[in-house]
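K.L.:
Position 387 of the sequence shown, counting from 1, maps to 387 under the UniProt record's numbering, and the rest follow consecutively. Backbone N, C-alpha and C define an ideal beta-carbon position, used for all residues, glycine too. It should be emphasised that the depicted structure is a prediction, and the values quoted were computed from it without experimental measurement.
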Amino acid sequence: MTRPGHSPFFWIPASVAAAWWVVCAGGFGFLTWFALVPNAFVKHLLPETIPRSVWFWSWPWIALAPLASAAVVFVVYLFLARLIVDRTDGSRTARFFALWFVAVLTGFLATLPWVISAIVAAFPPSRAAFVLDPAGESVLLSGYWGIAWGWLPALFALRRARVRAQPAHPAQPGGDAVPASAAPGPLRTRPLAVLGSIVVVAVILSGLAAGTGSRAARLDAAAENARANGHTLGSVPDPDVPVTPPPTIAPAAAEPAADWCTPDQAALLLGDPDAAMGHRTLSIQAMNFTDSPCTLSGYPDLAFADESGSALDVTLVHGGTFMTTDEGPVPIVVPAGGYAIARLGWGAMATADVPTTYTLYAALYPGLVRGSWPSTLDIVAGGEVSVTAWSLTDAVPDPQP
Numbered sequence: 001m002t003r004p005g006h007s008p009f010f011w012i013p014a015s016v017a018a019a020w021w022v023v024c025a026g027g028f029g030f031l032t033w034f035a036l037v038p039n040a041f042v043k044h045l046l047p048e049t050i051p052r053s054v055w056f057w058s059w060p061w062i063a064l065a066p067l068a069s070a071a072v073v074f075v076v077y078l079f080l081a082r083l084i085v086d087r088t089d090g091s092r093t094a095r096f097f098a099l100w101f102v103a104v105l106t107g108f109l110a111t112l113p114w115v116i117s118a119i120v121a122a123f124p125p126s127r128a129a130f131v132l133d134p135a136g137e138s139v140l141l142s143g144y145w146g147i148a149w150g151w152l153p154a155l156f157a158l159r160r161a162r163v164r165a166q167p168a169h170p171a172q173p174g175g176d177a178v179p180a181s182a183a184p185g186p187l188r189t190r191p192l193a194v195l196g197s198i199v200v201v202a203v204i205l206s207g208l209a210a211g212t213g214s215r216a217a218r219l220d221a222a223a224e225n226a227r228a229n230g231h232t233l234g235s236v237p238d239p240d241v242p243v244t245p246p247p248t249i250a251p252a253a254a255e256p257a258a259d260w261c262t263p264d265q266a267a268l269l270l271g272d273p274d275a276a277m278g279h280r281t282l283s284i285q286a287m288n289f290t291d292s293p294c295t296l297s298g299y300p301d302l303a304f305a306d307e308s309g310s311a312l313d314v315t316l317v318h319g320g321t322f323m324t325t326d327e328g329p330v331p332i333v334v335p336a337g338g339y340a341i342a343r344l345g346w347g348a349m350a351t352a353d354v355p356t357t358y359t360l361y362a363a364l365y366p367g368l369v370r371g372s373w374p375s376t377l378d379i380v381a382g383g384e385v386s387v388t389a390w391s392l393t394d395a396v397p398d399p400q401p
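1) For tyrosine 339, which of Pro239, Leu296, Leu64 and Ile204 has the nearest alpha-carbon?
2) Which of the three DSSP states is assigned to leucine 109 in this structure?
3) If you count every other CB in all the chains shown that lies within 10 Å of the CB of arginine 92, and 16 or more means buried, which is it?
4) Determine the burial state of leucine 312: buried for a count of at least 16 other Cβ atoms within 10 Å of its Cβ, exposed for fewer.
5) Is the beta carbon of valine 75 closer than 7 Å to that of phenylalanine 210?
6) With a 10 Å radius around its C-beta and 16 neighbouring C-beta atoms as the bar for buried, classify proline 242 as buried or exposed.
7) Which value, in whole angstroms, describes the spacing of the CA atoms of threonine 359 and threonine 32?
8) Output the distance between the C-alpha atoms of proline 237 and serine 308, rounded to the nearest integer angstrom.
9) Applying the criterion that 16 or more other CB atoms from any shown protein chain within 10 Å of the CB defines a buried residue, is threonine 325 buried or exposed?
10) Arginine 343: buried (16+ other C-beta within 10 angstroms of its C-beta) or exposed?
11) On the three-state DSSP scale, how would you describe alanine 165?
12) Could you tell me the alpha carbon to alpha carbon distance between alanine 122 and cysteine 261, rounded to whole angstroms?
13) Is it right to say methionine 277 is buried, meaning 16 or more other beta carbons lie within 10 angstroms of its own, or is it exposed?
14) How about leucine 158 and phenylalanine 96: do their beta carbons lie closer than 7 Å?
15) Which residues in the same chain have their Cβ closer than 8 Å to the Cβ of alanine 336, if we skip the five residues on either side of it in sequence?
16) How many angstroms separate the CA atom of alanine 362 from the CA atom of alanine 253?
17) Would you call the CB atoms of glycine 150 and valine 115 closer than 7 Å?
18) Please classify cysteine 261: does DSSP put it in a helix, a strand, or coil?
19) Since serine 310 and proline 245 are thought to touch, with beta carbons under 8 Å apart, how far apart are those beta carbons, to the nearest angstrom?
20) Between Phe304, Val37, Pro66 and Ala35, which has its C-alpha nearest tryptophan 20's C-alpha?
21) Excluding the 5 residues flanking serine 386 on each side, which residues of the same chain have their C-beta closer than 6 Å to its C-beta?
22) On the DSSP bridge list, what partners appear for proline 153?
23) Leucine 368 to glycine 230, Cα distance in whole Å?
24) Who are the near neighbours of valine 85 in its chain, counting only those whose CB is closer than 7 Å to its CB and skipping five residues on each side?
25) Could you tell me the boundaries of the alpha helix (DSSP H) in which glycine 271 lies?
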């Protein structure tokens with residue numbers, strides 16, 4: 001019999017292992033999705049070799065990621081079989097169990113790209129002890145796959161070896177039998193280092209496919225959720241970027257005077273936006289709901305956040321615009337039951353492929369806790385918004401509390 005490592009001996013079991021790896025993943029996803037069999041039973045019969053979520057990814061990742069994972073199983077199985085079994089000089093039984101062990105190791109190694117991808121996507125963890133939590137049971141299930149099904153490619157390998165051990169030519173009359181010639185095969189002419197390099201490349205490509213496909217799935221899910229929640233303007237915020245909301249209180253705020261209005265005396269009300277000739281305006285009112293007057297001076301404190309709640313770096317300019325007039329920061333006394341008003345003004349901003357404002361934060365003046373309103377505005381990071389100083393008004397529009 002020819003030495004297995006120097007013939008196509010391992011190509012068939014490696015192909016069987018790769019195919020069965022994908023079949024187990026697909027079977028697990030199908031049976032659990034349709035609840036045809038209890039999950040606990042399915043997990044033991046067809047281990048989840050590839051995360052079930054992959055089958056809900058968009059094209060082409062729904063195909064590329066499983067194919068890349070199967071390729072890793074194929075080349076890793078070939079590499080380990082040549083490294084371990086090719087050096088086993090025992091019986092057929094010893095080779096059978098050695099190949100079974102190869103399948104167990106293959107399962108562990110083929111899962112590493114998925115594990116690393118999940119850890120990187122969830123990094124940094126809330127605590128260092130949780131760094132491996134995103135991997136879940138993936139490594140254990142892949143190892144169990146090798147234990148439960150590693151005998152299958154091993155069985156095909158030994159059947160292949162038995163066929164190749166038979167004489168390829170019948171004995172000639174009056175002469176000896178002509179031995180079968182050993183097909184050189186690619187594994188006979190290539191050194192182990194080359195096959196190991198192929199394994200490294202395959203694992204890296206599988207990791208890239210898993211990571212890129214997983215990110216594409218997160219982006220698709222974020223876009224779908226945004227549309228369901230009424231997203232109408234700008235791009236959907238990147239779900240992998242940590243949310244950094246605006247500060248609750250404006251930094252470096254001056255101490256207010258004793259007679260200034262406080263949230264216990266005045267409430268902020270948001271008016272309706274208006275537009276003309278590419279310009280925008282929005283009013284904010286301060287209503288004194290007490291029986292005593294209070295004073296406002298200067299400009300309101302404002303901040304902006306995108307759909308995810310992250311702060312947008314918007315430049316605030318004190319002054320007027322095409323649609324607003326600023327009379328300057330002078331102290332005004334808001335009578336009991338009276339109103340003060342400030343107006344925001346800005347030019348129309350390009351919102352394609354950039355996050356826009358979905359929440360407006362405001363306070364009577366810097367140093368107070370900011371309140372917020374859901375408000376869809378074409379204000380983006382890097383934009384400039386002008387705001388006028390507080391002034392008295394007799395108009396009482398229908399504001400948004």
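P.N.:
In brief:
1) Leu296
2) helix
3) exposed
4) buried
5) According to the sequence as given, residue 210 is alanine; it is not phenylalanine. Result no, Cβ atoms of alanine 210 and valine 75 do not sit closer than 7 Å.
6) exposed
7) Roughly 40 Å separates the two Cα atoms.
8) 6 Å
9) exposed
10) buried
11) Note on alanine 165: pLDDT 47, under 50, position unreliable in the model; the coordinate value appears next. Here alanine 165 sits in helix by DSSP.
12) Roughly 45 Å between the two C-alpha positions.
13) exposed
14) Using a Cβ distance threshold of 7 Å, leucine 158 and phenylalanine 96 count as a contacting pair.
15) Apart from sequence neighbours up to five positions away, the residues of its chain that approach alanine 336 with a beta-carbon distance below 8 Å are Asn288, Thr290, Asp291, Ser292 and Pro293, ordered along the chain.
16) Just so you know, the alpha carbons of alanine 362 and alanine 253 end up roughly 14 Å apart.
17) no
18) coil
19) 7 Å
20) The candidate whose alpha carbon is nearest that of tryptophan 20 is Pro66.
21) Val317, Gly319, Thr321 and Gly345
22) According to DSSP, which records beta bridges pairwise, proline 153 is partnered with nothing at all.
23) 31 Å
24) Pro4, Arg95, Ala98, Leu99 and Val102
25) Annotation: glycine 271 is outside any alpha helix (DSSP H) and is labelled neither H nor E by DSSP.
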